[in-house]
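Below you can see the structure in the form of structure tokens.
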């Protein structure tokens, strides 16, 4: 986009400048879950494509996880430049007040900041990213904090239990980004589909798994075809594709739909890139609206990327909305995230037994509004949920 400054025209690149990720320090091994549920571990590890699943303690919710992710990429100077906080989630904590407002307060951002929560299943963070990019193209001196944070809950001993998880991705959208320049063209598709939903009276989602997989693949085919029509680009123009990954096998199916249109050598390159992009998701599980962006971060961490390479993104939110867009890798992309810190975060988690996982699953804040003080003695994260008082969540920083 061209921005006029006096008589001079300046070309502004806009995209992802920094990325942070947080997930709690507990996980459940899928082999242990398979044994407890009387299933073959290969069904979970190969058929679904998951090795570990993040376990969310009562002291963490989407607000605190978002704060812990955002704290990794914010400095005092950057905080003064943030004009908006756009929080994508389907795990909101209030039917009226936005999670973004809680987050802006926890992060001590300026009161002169817009703060909005966005919801469309797993698509919310992508809506935030596109809105942020459009804003920065018009206001290139500003930065926007985009969050994708969720806790995926399907219920104990349900078919969807293996695809649970949780965490938060924080992205700083800015002009002249370090990581990725977003390209302007995207293709999107919306239809009223009942493949996954969660009524307000439920704490766990309802899902028609096989139907949802088919809708996901149909939407990918539709937006990919439309993107090619608009841009005249083909699979040969891409170094990698990243997918929304509620479980890693889902994205693999999507990639396999288009691989036959690539040369054998390029097929091998795209397959290797996908393996890199699913590595961290395999060990964390489902983040709902953050899953696509954890996959992108995993590609940055484990892939072999070069400046100028084009990356494809497929975002999908059940119900349903899909979008395909693209971006170009920047020369200093590795300076936009803390690779060593993320490695430590995942490596230093503690495995829990199935019994402990079930206990923690049932220890979330009650829905009766009563005052409640949570046991925070083992909480290691900088931001945490201490309990509830007078029907208000109590957040703390340590």
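Residue numbers (the working numbering): 25 to 422. Note that CB positions come from ideal geometry on N, CA and C, so glycine has one too.
Which residues mark the beginning and the end of the beta strand (DSSP E) in which residue i is found?
{"i": "residue 39", "result": "38–46"}
{"i": "residue 56", "result": "Where residue 56 is concerned, there is no enclosing beta strand (DSSP E), although the alpha helix (DSSP H) it sits in stretches over 54–60."}
{"i": "residue 420", "result": "416–421"}
{"i": "residue 172", "result": "167–176"}
{"i": "residue 196", "result": "189–199"}
{"i": "residue 77", "result": "76–78"}
Could you tell me the boundaries of the alpha helix (DSSP H) in which residue i lies?
{"i": "residue 104", "result": "100–105"}
{"i": "residue 324", "result": "315–326"}
{"i": "residue 259", "result": "Where residue 259 is concerned, there is no enclosing alpha helix (DSSP H), given that its DSSP letter is neither H nor E."}
{"i": "residue 131", "result": "Residue 131 -> no alpha helix (DSSP H), and no H or E assigned at all."}
{"i": "residue 154", "result": "148–162"}
{"i": "residue 86", "result": "86–94"}
{"i": "residue 304", "result": "288–308"}
{"i": "residue 280", "result": "272–282"}
To the nearest whole angstrom, what separates the beta carbons of residue i and residue j, a pair I think is in contact under 8 Å?
{"i": "residue 147", "j": "residue 345", "result": "5 Å"}
{"i": "residue 95", "j": "residue 312", "result": "Contact doesn't hold; Cβ gap of about 21 Å is too wide."}
{"i": "residue 395", "j": "residue 422", "result": "Going by Cβ atoms, the distance from residue 395 to residue 422 rounds to 21 Å, so no, they are not a contact pair."}
{"i": "residue 139", "j": "residue 122", "result": "6 Å"}
{"i": "residue 202", "j": "residue 42", "result": "7 Å"}
Give the DSSP bridge partners of residue i, in chain order.
{"i": "residue 345", "result": "214, 341"}
{"i": "residue 266", "result": "337"}
{"i": "residue 138", "result": "108"}
{"i": "residue 221", "result": "230"}
{"i": "residue 144", "result": "146"}
{"i": "residue 51", "result": "78, 375"}
Would you check if the distance between the CB atom of residue i and the CB atom of residue j is smaller than 7 Å?
{"i": "residue 220", "j": "residue 115", "result": "no"}
{"i": "residue 196", "j": "residue 167", "result": "yes"}
{"i": "residue 46", "j": "residue 87", "result": "no"}
{"i": "residue 314", "j": "residue 189", "result": "no"}
{"i": "residue 263", "j": "residue 359", "result": "no"}
{"i": "residue 301", "j": "residue 250", "result": "no"}
{"i": "residue 214", "j": "residue 270", "result": "no"}
{"i": "residue 155", "j": "residue 376", "result": "no"}
{"i": "residue 117", "j": "residue 85", "result": "yes"}
{"i": "residue 369", "j": "residue 82", "result": "no"}
{"i": "residue 241", "j": "residue 351", "result": "no"}
{"i": "residue 425", "j": "residue 266", "result": "What is shown of the chain runs 25 to 422, which leaves residue 425 out entirely."}
{"i": "residue 268", "j": "residue 316", "result": "yes"}
{"i": "residue 128", "j": "residue 38", "result": "no"}
By the three-class DSSP mapping on this structure, what secondary structure does residue i have?
{"i": "residue 400", "result": "coil"}
{"i": "residue 407", "result": "strand"}
{"i": "residue 30", "result": "Note that residue 30 scores a pLDDT of 36, beneath 50, so its modelled location is shaky and nothing firm can be said."}
{"i": "residue 25", "result": "The predicted model places residue 25 with a pLDDT of 36, which falls under 50 and marks its position as unreliable, so this point remains unresolved."}
{"i": "residue 117", "result": "coil"}
{"i": "residue 97", "result": "coil"}
{"i": "residue 374", "result": "strand"}
{"i": "residue 412", "result": "strand"}
{"i": "residue 203", "result": "coil"}
{"i": "residue 83", "result": "coil"}
{"i": "residue 350", "result": "strand"}
{"i": "residue 388", "result": "coil"}
{"i": "residue 209", "result": "strand"}
{"i": "residue 182", "result": "coil"}
Using a Cβ-Cβ cut-off of 7 Å, state whether residue i counts as contacting chain B.
{"i": "residue 327", "result": "Included in the structure is just one protein chain, with no chain B present."}
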